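Those letters in the sequence shown? Residues -22 to -1, 1 to 295, by mature numbering (1 follows the signal peptide of the UniProt record, and there is no 0).
Heads up, the beta-carbon is just placed ideally off N, CA and C, and yes, glycines get one too.
Here the structure is a predicted model, which is why all the values come from computation and not from measurement.
To start, the structure under review is shown below, and the notes come after it.
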Amino acid sequence: MKNLTTLVTLLLLILFSCQSNKIDDIQGVYTVDKELLKKELMNNLKDENNQTALSTAVLDKAIENSVIELNVSGDSLKGLMFLAGQTSLINSKIFYRNDSMLINTDGDDAYIIPNSDGFLFQNVGSKMHIQMIKADQKKLSKDTEMAIDNLLQKKAEVKEFEESIGKWKIGNYVDDFGDKTGEGYPYCIVKGEHTNSAVVKSDVFVKAYLEGGKFIFQIFNSSMTLKESFPDNEFGYIKIKYPDDDVEREKVFFFKNYILESPGDEKPLVHDFLLNEDGELKILIDVSTASKYYSDKYQFILKSNNLKEIISSLKNN
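Encoded structure:
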C-alpha cells in the first residue's frame, strides 16, 4: 500500500512538473500576427458567404487598427484585445483541463496552445484562432498599460453607477462659474422605458430631483449622453400608480428638457407620497398630453428608499 501511495505521488509530481514546464516555455509578451489574423477572418467570411469588396475593405481597416497584446507572467495571462471596435481585457490564471492550457475571460474559456512561433489563442467552441508572436519587450507597452488602466477605471465607474441606481444622493448647486455654492438637493437616477410610434421599446435613464417641494424630471438616453427633448413651455399630464393599484393624473409643466410636477399651487402628488409613505410609485409620462406632435411615453418606478435620510442630512448641514 505504501509503494502504491509513493507511486501515485510520484506520478502527480511528474504531471505537475510537465504542466509547469509548459507555462515556463511561454513566459513573456506576445503581439498578434496581423497577416495570419487577416487570413483567419477572411476564411470566416468565406464560410459564412459574406465576403464582398466592402466587407474586405472594412476588414482591412479593422485589422490595421487592431491591438492584441498579451503578457504571460508566472501562471497568469494579462493583456488587451481590441478588434473591430470591441475591447476585451484579459486577466486570468492559466489552468489545465485534460492536459490543455486554458484561461477564463468574461466567463468564457479559451485555449492557449503553444507552437513554434509563440502560441495560438482560441476560444473554446470556436474554429477561429489567433496566432500570438513572441515580442522582444519584457513588459506590456505603455500604451497598452494605459489603455488597460483607463478601461479598468471605466468599468469601476460603470459598476459604481449601476450600484447607485435607485438610491437617493446629494447633488450640489453651482454658481455661474461652475463652483459649488454649498447648497444641495436630493436626487436619484432610475432606469425607465421609452416607447413611441417609431420605437417599440428602448431603455432610458430618469433623473428625479427635489426642488422647492416638487419633483423635477430629466430623461436621458441609455448611455446618459443626451437628454430627451420635450415640448417647450407646455402643460401636460402624467399618470401615477400607487402600491394599492389606484391611479391618479397629475398636471406637469414641460420646459426645455425638464418636467415639473404640479405647477402653480396644485398638490404635488409624487412629492407627498415619497416623503410621507413607503413603497413605490409607477410613473407614466405621456408627452402627447402636452403636444399632438409627440407620441413619446416614458415609464419608470420611483421608491422612497433613503430619501428621508438624505433630506435630514441636508437640513443638518
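Beta carbon of leucine 98, beta carbon of asparagine 49: below 7 angstroms? No, they are not a contact pair.
In terms of residues, what are the limits of the beta strand (DSSP E) holding asparagine 225? In the sequence under discussion, the amino acid at residue 225 is valine, which differs from the asparagine named in the question. Run containing valine 225: 225 to 233, per the beta strand (DSSP E) assignment.
Within its chain, find whatever has a CB closer than 6 angstroms to the CB of proline 246; leave out the 5 residues flanking it on each side and keep chain order. Around proline 246: Lys192, Glu239, Ser240.
Which complete alpha helix (DSSP H) runs does the segment 98 to 143 hold, if anything under 4 residues is left out? Taking only runs of at least 4 residues, the alpha helix (DSSP H) segments lying wholly in the segment 98 to 143 are 120 to 142.
Pairing CB atoms from the segment 141 to 159 with CB atoms from the segment 42 to 62, are three or more of them under 8 angstroms? No, the segment 141 to 159 does not touch the segment 42 to 62.
DSSP-derived helix/strand/coil call for phenylalanine 251: Here phenylalanine 251 carries a helix assignment [DSSP, helix/strand/coil].
Helix or strand or just coil, what does DSSP make of alanine 268? DSSP places alanine 268 in coil when its eight states are reduced to three.
Measure the alpha-carbon distance for lysine 217 versus glutamate 138 and round it to whole angstroms. Between lysine 217 and glutamate 138, the C-alpha separation is close to 31 angstroms.
Specify, as a first and last residue, the run of the beta strand (DSSP E) that residue 297 falls within. What is shown of the chain runs -22 to 295, which leaves residue 297 out entirely.
How would you write the range of the beta strand (DSSP E) that asparagine 294 sits in, first residue to last? Membership of asparagine 294 in any beta strand (DSSP E) is not indicated; the residue belongs instead to the alpha helix (DSSP H) covering 285 to 294.
Drop a sphere of 10 angstroms on the beta-carbon of glycine 96, count the other beta-carbons inside from all chains shown, and report buried for 16 or more, exposed for fewer. It is buried - the Cβ of glycine 96 has at least 16 other Cβ atoms within 10 Å.
Please look up how many angstroms separate the CB atoms of valine 45 and threonine 122, rounded, as I've assumed it's under 8 angstroms. About 7 angstroms separates the Cβ atoms of valine 45 and threonine 122, confirming a contact at the 8 angstroms cut-off.
Return the CA-CA distance between residue 329 and glycine 6, expressed in angstroms with no decimal places. The question about residue 329 has no answer here: the residues shown for the chain are numbered -22 through 295.
Can you tell me which of the three DSSP states valine 177 falls into? In this structure, valine 177 counts as coil in the three-state DSSP scheme.
Would you say isoleucine 90 and methionine 79 are within 7 angstroms of each other, going by their C-beta atoms? A contact, by the Cβ cut-off of 7 angstroms.
Mapping the DSSP letters down to three states, classify leucine 204 as helix, strand or coil. Secondary structure at leucine 204: coil, using DSSP grouped into helix, strand and coil.
Which class does lysine 281 belong to by DSSP, given the choice of helix, strand or coil? Strand at lysine 281.
Coil, strand or helix - lysine 217 by DSSP: Looking at lysine 217 - three-state DSSP - the assignment turns out to be strand.
In this structure, how does DSSP classify glutamine 88 when only helix, strand and coil are distinguished? The sequence as given places alanine at residue 88; glutamine does not occur at that position. Collapsing the DSSP output to three states places alanine 88 in a strand.
7 angstroms CB neighbourhood of alanine 125 in its chain, flanking five on each side removed: Hits under 7 angstroms: Leu58.
Looking only at C-alpha atoms, which of Tyr220, Ile261, Glu258, Ile81 sits nearest to isoleucine 72? Of the candidates Tyr220, Ile261, Glu258, Ile81, the one whose C-alpha sits nearest the C-alpha of isoleucine 72 is Ile81.
Valine 177 to isoleucine 194 span [Cα, whole Å]: Roughly 25 angstroms between the two C-alpha positions.
Taking 6 angstroms as the limit between beta carbons, can you name the residues of its chain near lysine 116, skipping five residues before and five after? Closer than 6 angstroms at the Cβ level, and outside the excluded window around lysine 116, lies no residue.
Indicate the three-state DSSP secondary structure (helix, strand or coil) for alanine 186 in the structure shown. In this structure, alanine 186 counts as strand in the three-state DSSP scheme.
Among the residues of its own chain, which have a CB less than 7 angstroms from the CB of alanine 40, if the five just before and after it don't count? Same-chain partners within the cutoff: Leu61, Ala62.
Distance between isoleucine 279 and leucine 188 (C-alpha atoms, nearest Å): Whole-angstrom Cα-Cα distance: 16 angstroms.
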